[in-house]
Each structure stands twice: as structure tokens, then as C-alpha cells.
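Numbering (our numbering), first residue to last: 45 to 287.
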């Protein structure tokens, strides 16, 4: 049996630290763009030396998990943007009709996310949803819709489903759907009643998730997506007429 097995190497502290942070990022417990604690604080939290922590950061930065911003600190990288969105863009090409198929994928993800978020959401998850919702409420009376707040709300729901693939794929769908999303936003804010209806739909989704009622949350999301789907198809008709 000699030569079959290899000797076990003791894992360095820095590698153990890097592995722990990497797992937290993969599991969605550390989100894209999130700032990590200051070096001294972080080392104390983990009970390790600062040199080991710095070495762990170097490992993670080389692997693309974190990014050091000069004088600002260390931030979690967006792992999904190029990995998923570039192949999706190649599939889409110039065929705008495929945007409808992409929207179908979005609906599947969002319906599943709403159900799972109602089952698994935490108080911290609710706060992540409530922040963009409150911004939308403040803007609604002025018939204003900040698309970033809208998308942040939907991404917060996907993150609250505690399935990292849902949130990453949804983020990439949003990234490559900017043109139709901007068009739909224009339709929805063209009249105050539409803006208020949109806000009501988002509020109803939030309340169902807060109540931890999966079926209701999914139904509320379905109502919202059917309404958005109508506006999305108007965009597609417009693009066909221009072709």
C-alpha cells in the first residue's frame, strides 16, 4: 500500500481564515460590495494574528473573492457579473425575442424566491427589503421610481431565500436587461396611479414575506410579475416595429 496515500499537511492559519471567509461569501452570508471589518477588529474577532489575516486577504484577493480599495478597506467582490452575464449576452446576441425567454427565467426565479424567502427570512433579511421599500414609498407621491431601489428590493428577496444561485443569476439578468427595464420604468412612472399601484404590489409582497406565508408571498409576486410582463411585451412590440 506504500505510495497510495499521501501524508496529510497541516493547514496554515491563513488558509483556514481564507476558507472560512470564502465559504461565507459562497453561502451569501457576506454579500457583494460588503465591507469587511477593519484588520485589527477582524483579527480579534477570529482570535488570530494580523499577519495571518493579511496573508488570508492576499489569498482571497488572488482568487477574486475580495478587493482592497486604497484607504477604504477590503470589500467582497461581485463574483457573478462576468461569469454568468457574459455567456447570457452571447446567447441573447441581437435577438430581442430572446428577452421574453429571459423574462420567463426571471419569473421562475422570483416566484421561487418569494416562497423560500417567506419560509427562511430573518429579521436582518426584512431590514434589507424594507430599506429600498421605504425609499420607494418616499418617491411614490412624486411619481418617481428609482430603478435601483426597485431592483434592490427584488434582489433582497432572492437573497432572503438563502439560495446563493438565485440572487447571483437574478442580478445578472437585471444587468443585461437594462434597456427593457428602463422602458418599463418609464411606463410605470408616466402616471401617478401606476406608480402607486407598483408601490402597493411591492408592499404586499413584503407583508406576505414578513408574515411568513409562502403561498401568499408567491401569489403577490405573481400578481406583480404579470403586471410587469404586460409592460415588458409592449417594449418587445416597440422593438419589433423598429426592426
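The beta-carbon is built from N, C-alpha and C at its ideal position, and this holds for glycine as well.
- Fully enclosed beta strand (DSSP E) runs of no fewer than 3 residues are not present anywhere in the segment 196-280.
- Residue burial annotation: residue 207 is buried, with at least 16 other C-beta atoms found within 10 angstroms of its C-beta.
- The beta-carbon separation of residue 108 and residue 211, rounded to 18 Å, does not stay under the 8 Å limit for a contact.
- Counting only runs of 4 or more residues that sit fully inside the segment 143-205, the alpha helix (DSSP H) segments are 167-184 and 191-204, in chain order.
- Secondary structure note for residue 113: its beta strand (DSSP E) is the uninterrupted segment 110-113.
- When rounded, the separation of the alpha-carbon atoms in residue 149 and residue 155 is 10 Å.
- The Cβ atoms of residue 253 and residue 261 sit closer than 7 Å to each other.
- Distance check between residue 220 and each of 70, 147 and 97 places 147 closest, using alpha-carbon atoms only.
- Take the alpha-carbon of residue 272 and the one of residue 246: they are about 12 Å apart.
- For residue 117, the enclosing beta strand (DSSP E) starts and ends at 117-120.
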